[in-house]
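The structure appears right after this line, and notes come after that.
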Amino acid sequence: MAQRAKIKETADLGDYLKAFACTAVMLQAVLSLALITTGGHSSQSGVAWVYLAVKFTAPAFICGILFTTMRVTRPQPPYGAYLKQQWSALVVPTIWWTLAYLVLMPQVQQHHAYTTVTQFGWQFINGNAAPHLWYNTMMLQIIVLMPIWWGVRNWLTTRRRVEIVLSVTAWLYVGWLVVADRVIYLTVRFTQWYLLDRVFWGFFPYAILGIILWRMWPRLRQLRWPWLPLALLAVISLTWQARTLLRQGLPVNLAQTSYYLPATVFYVLAIIGLIGCLATWQMRHRSRWLPRVHWLATYAYRAYLANVFWLQLVWLAGGRQLTAVVPVVGIVVCYGLTWCLSFASAYGLHAAWQAVKNLKNQRRIADDTHTTS
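Plus 10 on top of the position in the sequence shown (first one is 1) and you've got our numbering.
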């Protein structure tokens with residue numbers, strides 16, 4: 011048991027992916043707000059480049075979640091026990107933060123704001139309660155479907171099977187990208203069919219990638235990853251994305267970006283590879299950052315849930331005015347404060363809840379002892 015606990019506390023590639031994804035996605039929210047100010051509007055091309063540079067977050071997080079889950083669920087737990095654990099770790103925080111956004115900050119809702127109880131429920135479950143909650147709706151599906159991912163992991167016992175899964179996944183996803191590009195992107199369907207972003211199908215290749223990376227990790231960890239070709243691919247694909255977006259004219263509309271564009275897929279894969287380069291390098295050198303990355307990954311999901319809440323408060327407390335006058339400084343300050351408050355609240359709420367549970371356990375033990383005596 012002690013050995014298993016030690017394994018679970020060790021930083022892995024999944025921790026790096028989750029920590030980087032959470033850190034980057036908070037900047038996306040800041041940039042979206044900055045673009046509506048006069049200062050941000052005058053720098054919209056630069057904002058667009060930076061926004062696209064951090065648009066790797068959802069796939070990287072899914073890949074990281076599956077990598078870590080495959081590692082810590084050996085031996086495989088009962089499905090019911092796994093869901094019970096995820097209920098307290100992921101679902102309960104999602105419920106509370108979704109309620110907080112709908113009740114305390116209804117202005118951050120996406121698409122149509124609720125006016126009835128039925129609409130309230132719809133906004134609650136479809137991820138429209140805040141700009142970032144679409145991801146939670148999609149990711150929770152990945153968690154519910156864990157038996158499928160376990161099945162894939164258990165089947166990948168040979169190199170040949172790994173190649174088969176990679177090939178099938180690649181062809182299926184290429185087909186989906188063609189449909190998304192020809193039928194959905196930049197048409198009326200692009201906005202009307204926004205719920206497609208909430209379905210796990212659009213991100214399943216990154217779940218498969220996380221499983222395969224875990225399966226091959228003992229070997230991959232010993233290799234020196236080709237960081238230079240990966241960096242070159244990242245630069246080329248980022249340039250491709252930026253030109254595609256800016257070619258649509260000004261003002262820049264960040265909503266016209268998509269994870270289903272070929273350039274974005276290449277960029278995401280390049281960034282995941284570069285994060286892998288950093289992770290393997292630091293692991294080989296037993297970097298002092300390993301426990302810090304693990305800590306960030308532990309609270310990444312809860313910090314992500316909170317980030318728009320804190321950003322709204324920072325924005326109203328002077329962030330908007332500062333960004334309008336000095337865009338770069340305003341973006342950096344808003345981002346830094348949001349990041350710190352998000353992780354501080356994630357850790358603080360977790361510590362408070364643990365204290366409450368410990369107090370309840372102590373009282374129960376005291377009551378049991380008193381009854382026995």
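Backbone N, C-alpha and C fix where the C-beta goes; we use that ideal spot for every residue, glycine too.
Rounded to the nearest angstrom, the gap between the Cα atoms of Thr33 and Ile194 is 30 Å. Taking Met226 as reference, the option from Leu166, Thr267 and Gln322 with the minimal CA-CA separation is Leu166.
Assignment of Met149 by DSSP, reduced to helix, strand and coil, places it in the helix class.
Taking Gly283 as the centre and dropping the five residues before and after it, the same chain places the C-beta of Trp235 and Leu240 closer than 7 Å to its C-beta, in chain order.
Taking a cut-off of 8 Å for Cβ pairs, the segment 145–157 and the segment 43–61 do not touch, as fewer than three such pairs fall below it. The Cβ atoms of Tyr216 and Pro69 sit closer than 8 Å to each other. Using a Cβ distance threshold of 8 Å, Ile221 and Ala244 do not count as a contacting pair. Around Val324, the same chain offers Cys344, Leu347 and Thr348 as residues with beta carbons nearer than 7 Å, after the five sequence neighbours per side are excluded.
In the DSSP assignment, Phe276 falls within the alpha helix (DSSP H) that extends over Pro272 to Arg294.
Boundaries of the alpha helix (DSSP H) harbouring Asn164: Met156 to Trp165, taken from the DSSP string. Residue environment for Thr67: buried (at least 16 other C-beta atoms within 10 angstroms of its C-beta). Nearest neighbour of Gly50 by Cα position, chosen from Leu359, Asn368 and Val335, turns out to be Val335. With respect to the C-alpha of Thr201, the residue from Leu176, Arg192, His121 and Ala139 having the closest C-alpha is His121. Taken through DSSP and simplified to helix, strand or coil, Lys28 comes out as helix. Rounded to whole angstroms, the separation of the alpha carbons of Asn164 and Ile341 is 45 Å.
A residue is called buried once 16 or more other Cβ atoms fall within 10 Å of its Cβ, and Pro88, having fewer, is exposed. A contact is defined here as three or more CB-CB pairs under 8 Å, and the segment 257–265 fails this definition with respect to the segment 309–324. A direct Cα-Cα distance of roughly 50 Å separates Arg170 from Ala365. The residues Trp107, Leu351, Ser352, Ser355 and Ala356, in chain order, have a CB closer than 8 Å to that of Ala316 in the same chain once the five nearest residues on each side in sequence are set aside. His304 counts as buried, since at least 16 other C-beta atoms from the protein chains shown sit within 10 angstroms of its C-beta. Proximity to Ile285 across Val318, Ser268, Leu238 and Tyr269 peaks at Leu238, based on C-alpha coordinates. The Cβ-Cβ distance between Tyr269 and Gly328 does not fall below 8 Å. Burial check for Thr333: the Cβ neighbour count within 10 Å reaches 16 or more, so the residue is buried. In the DSSP annotation of this structure, the continuous segment of the alpha helix (DSSP H) that includes Trp299 starts and ends at Trp299 to Val324. A direct Cα-Cα distance of roughly 38 Å separates Leu223 from Leu112. Distance from the CA of Val64 to the CA of Arg374, rounded to the nearest whole angstrom, comes to 48 Å.
When DSSP states are grouped into helix, strand and coil, Arg231 belongs to the coil group.
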